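>
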Amino acid sequence: MLGFLLDLDGTLYHGDRPIPYAAEFIGWLKAQGFPYLYVTNNSSRTPDQVADHLRKVGIAALPEEVLTSSQAAALYMQERQQGGRVYAIGENGLRQALREAGFTIVCEDDDTPAFVVQGIDREFSYGKLAAAVRYIRGGAVSVLTNPDHLLPWNNELQPGAGSIAASIERASQTAPVVIGKPSPIIMNYAIAKLGLPREQIWVVGDNLSTDIQGGQAAGCRTALVLSGLVSRDTLQEQQQRAGVRPELVCGHLMELAAMLSNT
Ligand SMILES: [Mg+2]
-14 MLGFLLDLDG TLYHGDRPIP YAAEFIGWLK AQGFPYLYVT NNSSRTPDQV
36 ADHLRKVGIA ALPEEVLTSS QAAALYMQER QQGGRVYAIG ENGLRQALRE
86 AGFTIVCEDD DTPAFVVQGI DREFSYGKLA AAVRYIRGGA VSVLTNPDHL
136 LPWNNELQPG AGSIAASIER ASQTAPVVIG KPSPIIMNYA IAKLGLPREQ
186 IWVVGDNLST DIQGGQAAGC RTALVLSGLV SRDTLQEQQQ RAGVRPELVC
236 GHLMELAAML SNT
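For the sequence shown, the working numbering gives the first residue as -14, with consecutive numbering after it.
1. Can you give me the C-alpha to C-alpha distance between Glu64 and Asp218, rounded to a whole angstrom?
2. Should Thr(-4) be counted as a contact of ligand 1 given a C-beta to heavy atom distance under 7 Å?
3. Looking at the strands, I want to know which residues DSSP matches up with Trp249.
4. Ligand 1 heavy atoms versus the CB of Asn131: any closer than 7 Å?
5. Anyone know if the C-beta pair for Gly(-5) and Gly228 falls short of 8 Å?
6. Compare the C-alpha of Ala150 against each of Val128, Leu(-9) and Gly236 and name the closest.
7. Distance, Cα to Cα, Asp94 vs Ala243?
8. Return helix, strand or coil for Phe19, following the three-state DSSP convention.
9. If you check the beta carbons only, do Tyr61 and Ile164 fall under 8 Å apart?
10. Counting pairs of Cβ atoms below 8 Å between the segment -14 to 6 and the segment 37 to 47, do you hit three or more?
11. Please name the residue or residues paired with Glu141 in a DSSP beta bridge.
12. Would Ile186 pass as a contact of Ala57 if the rule is Cβ separation under 8 Å?
13. Can you say whether Glu184 is buried or exposed, counting buried as having 16 or more other CB atoms within 10 angstroms of its CB?
14. Look up Leu14 in the DSSP assignment and say whether it is helix, strand or coil.
15. If you draw a straight line from the alpha carbon of Lys178 to that of Asp(-8), how long is it in whole angstroms?
16. For Val71, I'd like the list of residues in its chain whose CB is within less than 8 Å of its CB, leaving aside the five on either flank, ordered along the chain.
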């Protein structure tokens, strides 16, 4: 039995555009009876929104097949303190994950939240930065949903959660606990949810320094798909820069299915 942890953007779709063979690959996984999970560093969407978006690009997905960095952050904090107070810098996906995990989200005038958790927040402000820094300096644990500095957006790059985190880290003089890929924290929750030994799990993605590095660090098998960040031309150079080498490299996902069928 094989299991699969699948990246989304650059692997199954580009923004609103489906990637060729992605829907066929999910169909193949279902036909084989291989368990899989969509694992995303995106902290802004809820699992329902992620599943809706997958359906729009032609992939029949359910919210329970999704693990977001916001859900993993909530799980991480829950293991340390049940139902505590949290200061959150983020969007809907983060707020919903915190509420579902039983946390109370506090405002800028609370005294002592146990955690400051931060994801992408397109309404980030000086006031939010100041509150986060005050809480962290006062002893709150600093948690970052995902380290991505830049995100592809309509052929441009936009600042991601990691860029906001840099200002909080600089001002608070405290490095956050990083939850999203390549951190083993999200990988370990994903592996536990899949319920298979990690040697049987393939981490599939387009990003060497998050998907492949995270998969290798977690002891999983890794497959790079050349539909996103890395092309055949840049593969060697990017592997050297990232310092990781995937076990398999494929042009598209059905090529991966063929490789795995022949072994
Ligand atoms: Mg990706």
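Beta carbons are placed, not taken as given, at the ideal position from N, Cα and C, and that holds for glycine.
Note that the structure is a prediction, hence the values are computed from the model and not measured.
Checking against the coordinates, here is how it stands:
1. 44 Å
2. yes
3. In the structure as shown, the chain starts at -14 and stops at 248, and residue 249 therefore has no counterpart that could be examined.
4. no
5. no
6. Val128
7. 57 Å
8. DSSP places Phe19 in coil when its eight states are reduced to three.
9. yes
10. yes
11. Trp138
12. no
13. exposed
14. helix
15. 16 Å
16. Met62, Leu83, Phe88, Thr89, Ile90, Val91, Pro98, Ala99, Phe100, Val101 and Val102
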